[in-house]
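Enquirer: Let me begin by handing over the structure; questions about it come next.
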Amino acid sequence: MDELNCVHLGPNGCTVYDERPLICRLFGTTKTLPCPNGRGPVELIHPRVEKQIHDYMASTRQVLV
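Count along the sequence shown from 1, add 129, and you get the number used in my numbering.
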């Protein structure tokens, strides 16, 4: 995890896991945000749903940390 760059990433993983941003919740669940360790759910989020989520984030002006 040392090579991943996130302000919320501590030595033992995510320090804000229970309240993590939406973009973090998507990490590893879509083809465009793959887990660098090759992990993830058996079935990825459908691209249409992923687009809806990204459109929502853009409309609410959420930005990546």
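Glycine residues also receive a C-beta, built at the ideal position from the N, C-alpha and C atoms.
Would you mind giving the Cβ-Cβ distance between residue 159 and residue 179, rounded to the nearest angstrom? I have them listed as a contact below 8 angstroms.
Expert: About 5 angstroms separates the beta carbon of residue 159 from that of residue 179, a gap short enough to meet the 8 angstroms contact definition.
Enquirer: To which residues of the same chain is residue 162 closer than 7 angstroms at the C-beta, ignoring the five residues directly before and after it?
Expert: Answer for residue 162: 155, 156, listed in chain order.
Enquirer: Just the Cα atoms here: how many angstroms apart are residue 189 and residue 139?
Expert: So the alpha carbons of these two residues sit roughly 28 angstroms apart.
Enquirer: Helix, strand or coil for residue 164? Go by DSSP, reduced to three states.
Expert: It is coil, neither helix nor strand.
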